[in-house]
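These protein sequence lines map, in sequence, to chains D and P.
Counting from 12, one number per residue, gives the positions in the first sequence under the working numbering.
Counting from 425, one number per residue, gives the positions in the second sequence under the working numbering.
Single-structure report; data block below.
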Amino acid sequence: MIETPVRFKSTADIETFSRSLRDRTDSTTKLVRVCIGTGCAAKGSRRLYELFCEAVKQSDLDVRVEAKCVGCHGFCERGPIVVVEPGEILYQRVEEPDVAEIFRETVLGGRVVQRLLYEDPDTGKRAEKADEIPFYNVQKRIVLGGNGRYNPTKITDYITEGGYSALAKVLSSMLPEDVISEVELSELRGRGGGGFPTGRKWRSCRAAKGFPKYVICNGDEGDPGAFMDRSIMEGNPHSVIEGMLIGAYAIGSEQGYIYVRNEYPLAVEHLRMAISQAQEMGLLGRNILGSSFSFDIKINRGGGAFVCGESTALMASLEGRTGEPRAKYIHTVESGFRGKPTNLNNVETWANVPHIINKGGEWFAGIGTEKSKGTKVFSLVGKVVNTGLVEVPMGITLRQVIDEIGGGVRDGKGFKAVQTGGPSGGCIPSEHLDARVDFDELTKLGSMMGSGGMIVMDEDTCMVRVARYFTEFLQKESCGKCTPCREGLSQMLYILDRITDGEGQVGDVERLESLAKLLESTALCALGKTAANPVISTIRYFRDEYDAHILERHCPAKECRGLFRYEIDADACKGCGICLKNCPVGAISGENKVPHTIDQEKCTLCGACWEKCPFTAVLKV
Amino acid sequence: MAKENELVEQIIDRYAADTGMLIPMMQDIQAECGYLPADQLRSLASRLDVPLSRIYAVATFYTSFRLAPKGLHDVTLCMGTVCYLKGAPKICEAISKEFRVEPGGTTRDRLFSLQAVNCVGACALAPVMIVDEKYYDGVTPESAVEVLRSLRPAEEPETKESAS
């Protein structure tokens with residue numbers, strides 16, 4: 012993979028090597044970059060890559076063409092994505108038969124294949140480059156900057172573009188104290204959900220007594236609907252490793268761990284490759300770049316427990332035990348993994364560090380709001396037009412993210428809420444869409460920044476069911492160590508089940524609120540303390556939906572079975588008889604070509620007629 | 425038995441008998457055997473001098489471990505928020521009904537093991553089903569059942585009848 016085996020012996024070697032790589036890159040070389048992130052790969056992008064490679068081999072023309080696999084571009088909705096250089100022409104939804112055309116027209120002929128370009132649904136305008144697409148041009152990509160450009164399995168790609176120069180800078184010209192001051196100056200806050208100032212954490216860990224010290228990267232991205240960390244680990248693993256190296260130098264640690272979720276096999280594979288390449292080149296191991304600093308990293312795969320995203324539970328899991336959190340009055344920076352000072356940060360936090368060192372803390376602090384600096388990566392998903400991974404400066408409004416980048420709600424439906432912060436977060440209704448993306452502002456709204464899931468919900472989503480979904484999720488994932496979480500969530504789920512089944516009782520909402528208060532004040536870990544947020548925030552903003560379920564036995568979103576009826580719209584019904592044939596209980600009657608009717612007494616609300624009607628004449632009321 | 429112990433020995437050596445690496449060791453055993461056989465766990469416990477109860481606790485705490493043999497194919501259904509909103513529960517219901525298997529279980533003919541997981545992080549593809557590492561995007565109850573039916577070897581028409 013790397014033509015000449017290189018082992019760096021001094022910090023100057025990196026710059027020399029990087030320059031030689033850049034010099035060697037022939038600017039006349041044409042480049043085809045195929046996204047192999049999980050989204051595109053699922054739609055067959057690896058096959059596209061092979062086809063491009065074959066095309067390159069078979070072409071006898073005198074041009075240098077290189078096909079290259081790159082990490083996630085973020086625009087997963089439009090995958091597979093192929094970018095051709097020169098010109099950075101972005102093709103979307105590329106299929107196997109398109110490869111020959113792209114190769115012939117664009118790579119060899121320098122012409123653009125119009126039909127594969129992104130077309131703006133409103134204006135019909137076609138965009139050739141990524142930054143002409145609203146999805147990209149509102150974003151500010153720092154952490155995701157390398158995704159879509161580097162081949163994540165090649166360390167030389169990362170080094171060519173200045174990778175590991177931050178490490179070289181730190182080792183050659185900065186004391187650990189300087190590194191910490193720089194990170195403090197940047198006001199970087201933890202991206203895993205808590206938002207704790209990273210510099211302060213590093214400082215306490217450095218000051219803590221005890222040896223060895225450990226640094227840990229939390230890649231146990233457990234929030235459903237979030238895949239930011241996955242894309243960073245898959246698409247740019249060296250940025251995480253470089254961040255950890257710098258952190259370890261600042262804190263005085265020689266051993267690091269990356270704890271990756273079991274569901275992310277590609278992330279594990281890419282990290283493994285990245286670590287072994289870094290070891291070969293002398294960027295990990297003993298006496299890194301000829302200095303007295305030594306550091307190495309091990310990867311651990313999670314076992315599939317949500318609670319292990321909590322720092323103390325994660326450390327327990329790393330020690331080979333069940334992942335149960337412990338009380339936080341003993342700080343992990345003093346006594347964490349194996350009882351030693353441990354500094355744990357999230358994947359995205361680590362990936363920000365090399366940028367802060369390279370461009371300075373002041374530059375970073377210049378982006379964002381007063382208390383939240385830099386950018387945040389979100390996975391924008393749910394009932395939104397452009398699903399994908401987006402990186403935005405702090406302080407942007409939720410409306411901008413959802414409407415400008417996301418393209419609004421899918422299928423012309425009305426917006427109902429956006430859920431942020433995973434199971435510990437809450438649902439934010441449309442009246443607060445102008446709120447800014449900021450740690451404290453989102454917390455004020457009863458939600459939280461969390462790790463970065465942003466799930467858009469439309470008018471057809473029942474908010475009581477959403478609350479029930481998260482409560483069920485947490486009830487299943489509760490580790491069971493403390494009673495409020497173990498028993499409280501079960502009781503809350505019991506009440507929510509009752510409400511969504513149409514058997515809610517007057518006073519149920521108040522009962523939920525009192526259980527929520529109990530959880531918040533008595534649960535052992537942060538996951539337990541925030542577990543009621545989905546319930547509390549939906550009660551706060553959608554109390555009318557709870558009341559409709561309980562008092563009127565009606566589900567306004569028409570999602571809870573039994574809490575709405577099916578009726579046939581006589582004007583739309585053509586009397587085709589399809590519903591009649593599909594009704595399993597014979598509740599539908601009517602002559603041919605005459606509007607049919609549903610006998611509400613017989614109807615079991617199975618919904619077969621609603622699904623089968625070709626004229627959408629069956630209505631939920 | 426001797427052969428099994430050999431496997432455990434190998435795996436323990438891989439991690440220099442570090443009890444902190446218990447979970448990776450168990451993951452390796454599962455990768456070799458497809459599940460965690462009781463005999464292997466017993467040898468692991470005695471070799472590491474760790475109580476079997478602790479190993480059992482770990483095996484039952486983490487959802488990725490299984491104590492029974494799995495089916496020929498691995499089927500993972502994502503139950504993340506987005507998949508949930510886009511109808512994953514109905515897909516799960518349809519699979520359970522068609523193949524008489526609950527999440528976490530294996531079909532009686534050992535054709536596949538069904539796992540419902542929290543989120544596979546491929547939300548742009550929702551609802552997602554993964555069969556032996558191949559991702560299927562935008563699945564419906566019908567298409568999911570169709571994909572799983574095609575796993576059956578073609579020469580056994582009688583099983584097809586008995587299940588439908």
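Every residue gets a Cβ at the ideal spot worked out from N, C-alpha and C, and that includes glycine.
Gly436(D) bridges to which residues according to DSSP? When DSSP reads this structure, Gly436(D) sits in no beta bridge, so it has no partner.
Whose Cβ in chain P lies nearer than 7 Å to the Cβ of Ser390(D)? Cys547
Under the criterion of a Cβ to heavy atom distance below 6 Å, does Gly515(D) qualify as lining the ligand ADP? Among the ligands in the structure shown, none appear at all, so the ligand ADP cannot be discussed.
Can you tell me whether Leu535(D) is buried or exposed, with buried defined as 16 or more other CB within 10 angstroms of its CB? buried
Do we get a CB-CB distance below 7 Å when we pair Tyr486(P) with the residues of chain D? yes
Where Arg349(D) falls, given that 16 or more other Cβ within 10 Å makes a residue buried: Burial is judged here by how many other beta carbons sit within 10 angstroms of a residue's own beta carbon; Arg349(D) has fewer than 16 and is exposed.
Given this structure, state the Cα-to-Cα distance separating Arg576(P) from Thr500(P), to the nearest angstrom. 17 Å
Nearest-angstrom Cα distance between Gly529(P) and Gln539(P)? 7 Å
Considering only C-alpha positions, which residue in the set Ile599(D), Lys492(D), Gly491(D) and Ile561(D) is nearest to Gly518(D)? Ile561(D)
Along the chain, which unbroken stretches of the beta strand (DSSP E) at least 3 residues long are found entirely within the region 484–568 of chain P? 497–502, 536–541, 553–555 and 558–560
Under a Cβ-count criterion, where at least 16 other Cβ atoms within 10 Å of its own Cβ denotes burial, should Phe317(D) be classed as buried or exposed? Per the 10 Å Cβ criterion, buried.
Name the chain P residues whose beta carbon is nearer than 8 Å to that of Arg122(D)? Under the 8 Å cutoff, chain P gives no residues; its nearest Cβ is about 30 Å from Arg122(D).
How big is the Cα-Cα spacing for Glu195(D) and Phe207(D)? For the pair Glu195(D) and Phe207(D), the Cα-to-Cα distance works out to about 11 Å.
CB Met326(D) to CB Gly347(D), shorter than 7 Å? yes
For Gly236(D), decide whether its Cβ has a neighbour in chain P, counting only Cβ atoms nearer than 7 Å. yes
How about Val506(P): is its C-beta nearer than 7 Å to some C-beta of chain D? Under the Cβ distance rule, Val506(P) counts among the residues neighbouring chain D, one pair being separated by less than 7 Å.
Could you tell me the boundaries of the beta strand (DSSP E) in which Ile100(D) lies? Ile100 to Tyr102
Among Glu373(D), Arg337(D) and Asp512(D), which residue has its Cα nearest to the Cα of Glu198(D)? The candidate whose alpha carbon is nearest that of Glu198(D) is Glu373(D).
Can you give me the Cβ contacts of Lys494(P) inside the same chain, cut-off strictly under 7 Å, excluding the 5 residues immediately before and after it? Apart from sequence neighbours up to five positions away, the residues of its chain that approach Lys494(P) with a beta-carbon distance below 7 Å are Gly458, Tyr459, Thr530 and Ser537, ordered along the chain.
Suppose only complete runs of 4+ residues qualify. What are the alpha helix (DSSP H) ranges in the region 218–271 of chain D, listed by chain order? 239–246 and 248–262
Cβ closer than 9 Å: which chain D residues qualify as neighbours of Asp561(P)? Gly50, Ala53 and Lys54, listed in chain order.
Counting only Cβ-Cβ distances shorter than 7 Å, please list the residues of the region 441–452 of chain P near chain D, keeping chain order. Thr443, Gly444, Met445, Leu446, Ile447, Pro448 and Gln451
Is the beta carbon of Asp469(D) closer than 7 Å to that of Lys394(D)? Yes, they are a contact pair.
Contact check, Gly461(D) vs Gly432(D), beta carbons under 7 Å: yes
Against chain D: residues of the region 522–549 of chain P by CB proximity under 8 Å: The region 522–549 of chain P vs chain D, Cβ under 8 Å: Val541, Asn542, Cys543, Val544, Gly545, Ala546, Cys547, Ala548 and Leu549.
Starting from the beta carbon of Ala289(D), find every residue of chain P whose beta carbon is closer than 9 Å, and list them in chain order. Those within 9 Å of Ala289(D) in chain P number zero; the least Cβ separation is about 21 Å.
Residue(s) in a DSSP beta bridge with Phe306(D): Phe306(D) pairs with Gly296(D).
Classify Val392(D) as helix, strand or coil using the three-state DSSP reduction. strand
Should the region 254–272 of chain D be regarded as contacting the region 218–227 of chain D, the criterion being three or more beta carbon pairs within less than 8 Å? Cβ pair count under 8 Å is three or more, so yes.
Using DSSP bridges, identify the partner residues of Ala138(D). Tyr129(D)
Hey, is Glu570(D)'s beta-carbon within less than 7 Å of any beta-carbon in chain P? Interface annotation, Glu570(D): not in contact with chain P, CB-CB separation never under 7 Å.
If the cut is a Cβ gap below 7 Å, which residues of chain D does Ala481(P) touch? Thr333
Strictly below 9 Å CB to CB, what residues from chain D border Leu476(P)? Here the premise fails: no neighbours, minimum Cβ distance about 14 Å.
Chain P residues whose Cβ lies nearer than 7 Å to that of Cys87(D): Ala548
Residues of its chain near Gln150(D), where Cβ-Cβ distance is below 7 Å and the 5 sequence neighbours each way are ignored: Val401, Glu402, Val403 and Ile416
State buried or exposed for Tyr505(D), treating a residue as buried only when at least 16 other CB atoms are found within 10 Å of its CB. exposed
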